[in-house]
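J.: Dumping the structure here so I can ask a few things about it.
Residue numbers (this note's numbering), protein chains in the order written: chain A, 96 to 546; chain B, 96 to 546.
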């Protein structure tokens, strides 16, 4: 009598009769032995089929199964020190469940065309690397949930349907809602602020949408954001929370995603160094550092640095930072960098201005290492009713649409703030994935609508 | 030197000097004492202001603060056995942070008009009952996350943007996606099936959208679903998983939401009885029971039962069950009821037919007690490629749109299944809330688009 076991649990079944249910991921062999590489979603195991045990006809039949055929494999689990799992199966019987002919993904293909693989995303995710990235995504989600739950945050779902195009419609998706226009949420923050004033500490965790026309490796039209919002929290506290959380995520993944990080050949030292405190640099200091780096890199013999030099500070002083600026700054450190107090002009209307110098906002962007760019954008919010009315006027926004938001300043306002963490960019950084589209099961970009 | 503490932690600070930051929820008093009821999102505490301690001018000033004014209150935490918290504050100083005049919600209002309160939902959620419901929602979410994480499910986000109007457009929301139509997801299941065949066990957790024209207490246009999907899982296993999960949620909330359930005056015995096994009744058996109940209730002297009798079996034999049918069945039990094997005609094309009697589908609906209705709908999926092609033709669905879904049956199909749990209806049931719109921070219905 054999017992069905998931592959990850086989180590505990050595010398027992087992049943493995899985798919034929790969195979090799000779005229007397088949070495079947099976996967079941929880891991990979080798199953050895010996012609002398199983008989000629059966051996031949098994030899004809195509990649991704599904089967029940019965046999004995034996120790195998050469394999990562430490176990292999000596097969006594194979029962085919679902055949598979001409599987469209070739395992040995050297230079994959990612867009073609995304056309069969529903199958490609079975392969080791995509599977590893999505497994890490799942662990990052759990790490974040656990982080906030341990700290007594209330999980607070903001609405996806939002009635007003508050900040212009250029990157908004619109839908028809029983005859009225409705827009898909770009951020849950404004609603999260209402939550913070009711619950103290909340976290919004949901999908957000931007009609992003950029075809860069950092952009998706549909992506998930995690947005904590906290009453009484000011800029320094926001930065403390951000670095505590990123350290927590990195440590969690180092502990729980070793096999996946190994499959992806991730340099673990890049995650091991993610320890508090992170560097905190003001936008004004960053400008000086960038000017130095621009000169330094221009004189470099490394052509990549030379090229980077040309792109540094392209936006001019007082503007937001560009991708090259972020890359040049993050290169200086072995952990994420926090850049605070950007010019208030380039930042959102709801950010509180620095009372010490109102040209700057009490905001922070956290830049991940290795060119991933901004993974967190946060700020202390403007908590004065009258100052907020001023900002709404300056930004020529529709006052009517913000009445409920102004109410939060009218009935017992308090200092408060929070940030948004981009889930996909975080997974991109942790897993060392080049393009953000591989960090979500079914990516959506300007060129990618299906499957 | 006093330390800032959240109200929920005050019990550990008895006889210390503390600072409480909060909002004035309610007040009473006389000419010598103010009893301020403060809330900070984590709880409620009484702060006692004594005129003889604080002085006449200050006493008068504090007496003028309106409901929901925010303040820092300094004083000594002392034991108070009469209060639930067990602590009150003897105030030495009050610092006003944000004033609040003419707060639009009246605490003593007897018959609330829910739609009017939803107009100020951003403020109403500060009140004890709405706060308690949303706190329970947060705990239900964590319970579900934890349940699946403990059981090695991979969290798998299905896309919100879906390219095809597979099952007709009548309840679909459409958006324009760079010149093409795109639809908002009504369920992540089909994508979850791809995940199950790659990862073994997955759970999709995200918002779903239905352009529901019904104005019932069970319907929202935007609601959250949790959809596990598992390879090798057949109908009995699906029912096992459903009852294990509902028991887990009920027990979690009994353990962690006592104060909130008390505020809502929830009958805890209704949750304590939620223990496995749940009754499992086939659709065919249900028809017989309903016929009996229809007769029985018709003869009842209870006018409600008499009325219910008239609505039972309105849909006729072979049709889906109506709300009255679900209510009549659920009244027979003290825990959720699982109704399995509905006629395949009334169920979705992807459900596998019962090999023992193909007129029926291998599906299950779980009906919550107390008139909440269906909270789970699940099924074993059709795993035969050719049978699925047949179903798609019978349902006159566009074959082209399902090519990727058919691939899952072409390359190593296996038996598999899962279900969708409606988050809001689950919270409605656990919290004993009459209308589902109160179980989500910012509800969206046909008549409710803002704030």
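Every residue gets a Cβ at the ideal spot worked out from N, C-alpha and C, and that includes glycine.
With burial defined as no fewer than 16 other Cβ atoms inside 10 Å of the residue's Cβ, what is the status of residue 435 of chain A: buried or exposed?
T.: buried
J.: DSSP puts residue 278 of chain A in a beta bridge; with which residues?
T.: DSSP, once it has assigned bridges, lists A:257 and A:269 as partnering residue 278 of chain A.
J.: Heavy atom of the ligand MN less than 6 Å from the Cβ of residue 487 of chain A, yes or no?
T.: For the structure depicted, the ligand MN is absent and the ligand set is empty, with no information on it obtainable.
J.: Please name the residue, chosen from A:109, A:110 and A:517, that lies closest to residue 314 of chain A on a Cα-to-Cα basis.
T.: A:517
J.: Would you mind sorting residue 542 of chain A into buried or exposed? The rule is 16 or more other CB atoms within 10 Å of its CB.
T.: exposed
J.: Between the beta-carbon of residue 385 of chain A and the beta-carbon of residue 358 of chain A, is there less than 7 Å?
T.: no
J.: Helix, strand or coil: how does DSSP classify residue 433 of chain B here?
T.: Correct three-state label for residue 433 of chain B: strand.
J.: Using three-state DSSP, classify residue 475 of chain A as helix, strand or coil.
T.: strand
J.: Can you pull the DSSP bridge partners for residue 487 of chain B?
T.: None, per the DSSP bridge assignment.
J.: Decide if the segment 119-132 of chain A is in contact with the segment 314-325 of chain B; the criterion is three or more beta carbon pairs, one per stretch, under 8 Å apart.
T.: no
J.: With a cut-off of 8 Å, do at least 3 Cβ pairs link the segment 512-531 of chain B to the segment 318-330 of chain B?
T.: yes
J.: Interface residues of chain A around residue 352 of chain B at Cβ under 9 Å?
T.: Chain A residues near residue 352 of chain B: none, gap ~12 Å exceeds 9 Å.
J.: Check whether the segment 267-284 of chain B touches the segment 220-238 of chain B, taking contact to mean three or more Cβ pairs, one atom from each stretch, closer than 8 Å.
T.: no
J.: Around the C-beta of residue 472 of chain A, are 16 or more other C-beta atoms found within 10 angstroms, so that it is buried, or is it exposed?
T.: Looking at its Cβ environment, which holds 16 or more other Cβ atoms inside 10 Å, residue 472 of chain A is buried.
J.: Check this for me: beta carbons of residue 486 of chain A and residue 447 of chain A, under 7 Å apart or not?
T.: no
J.: Residues in the same chain with beta-carbon distance under 6 Å from residue 191 of chain A, minus the five sequence neighbours each way, listed in chain order, please.
T.: 166
J.: According to DSSP, residue 468 of chain B sits in a beta bridge with which residue or residues?
T.: B:463
J.: For residue 300 of chain B, which option in B:282, B:292, B:307 and B:309 has the closest C-alpha, if you only look at C-alpha atoms?
T.: The shortest C-alpha separation from residue 300 of chain B is found at B:282.
J.: Below 8 Å on C-beta distance, what does residue 237 of chain B contact in chain A?
T.: 240, 244 and 250
J.: Would you mind telling me which residues of chain A sit closer than 8 Å to residue 537 of chain B, beta carbon to beta carbon, in chain order?
T.: Under the 8 Å cutoff, chain A gives 253, 254 and 286.
J.: Please classify residue 533 of chain A: is it buried, with 16 or more other beta-carbons within 10 angstroms of its beta-carbon, or exposed?
T.: Classification for residue 533 of chain A: buried.
J.: Let me know if residue 128 of chain A comes out buried or exposed under the rule of 16 or more other beta-carbons within 10 Å of its beta-carbon.
T.: exposed
J.: If you follow the alpha helix (DSSP H) that residue 368 of chain B is part of, which residue opens it and which one closes it?
T.: Membership of residue 368 of chain B in any alpha helix (DSSP H) is not indicated, and neither H nor E is assigned to it by DSSP.
J.: So the alpha helix (DSSP H) residue 405 of chain B belongs to, where does it begin and stop?
T.: For residue 405 of chain B, the uninterrupted alpha helix (DSSP H) run begins and ends at 398-406, by DSSP.
J.: With H, G and I counted as helix, E and B as strand and the rest as coil, what does DSSP make of residue 529 of chain B?
T.: Three-state DSSP puts residue 529 of chain B in coil, outside helix and strand.
J.: For residue 509 of chain A and chain B, any beta-carbon pair shorter than 7 Å?
T.: yes
J.: For residue 502 of chain A, which option in B:341, B:490, B:132 and B:196 has the closest C-alpha, if you only look at C-alpha atoms?
T.: B:196
J.: To the nearest angstrom, report how far apart residue 481 of chain A and residue 496 of chain A are at their CA atoms.
T.: A direct Cα-Cα distance of roughly 16 Å separates residue 481 of chain A from residue 496 of chain A.
J.: So, are the CB atoms of residue 61 of chain A and residue 109 of chain A less than 7 Å apart?
T.: The structure shown has nothing for residue 61 of chain A, since chain A only spans 96 to 546.
J.: Which chain A residues sit within Cβ distance under 7 Å of residue 295 of chain B?
T.: 101, 135, 136 and 137
J.: For a cutoff of 7 Å on Cβ pairs, would you count residue 545 of chain A as touching chain D?
T.: The chain labelled as chain D is not found among the protein chains of the depicted structure, namely A and B.
J.: Select from B:100, B:425, B:397 and B:362 the residue whose C-alpha is nearest the C-alpha of residue 375 of chain B.
T.: B:425
J.: Evaluate residue 107 of chain B with the Cβ neighbour count: other Cβ atoms within 10 Å of its Cβ, from every protein chain shown; 16 or more gives buried, anything less gives exposed.
T.: exposed
J.: With DSSP collapsed to three states, give me the class of residue 151 of chain B.
T.: helix
J.: Determine the chain A residues that contact residue 326 of chain B at a beta-carbon separation under 7 Å, and present them in chain order.
T.: 136
J.: I'd like the span of the alpha helix (DSSP H) that includes residue 340 of chain B, first residue to last.
T.: 330-351
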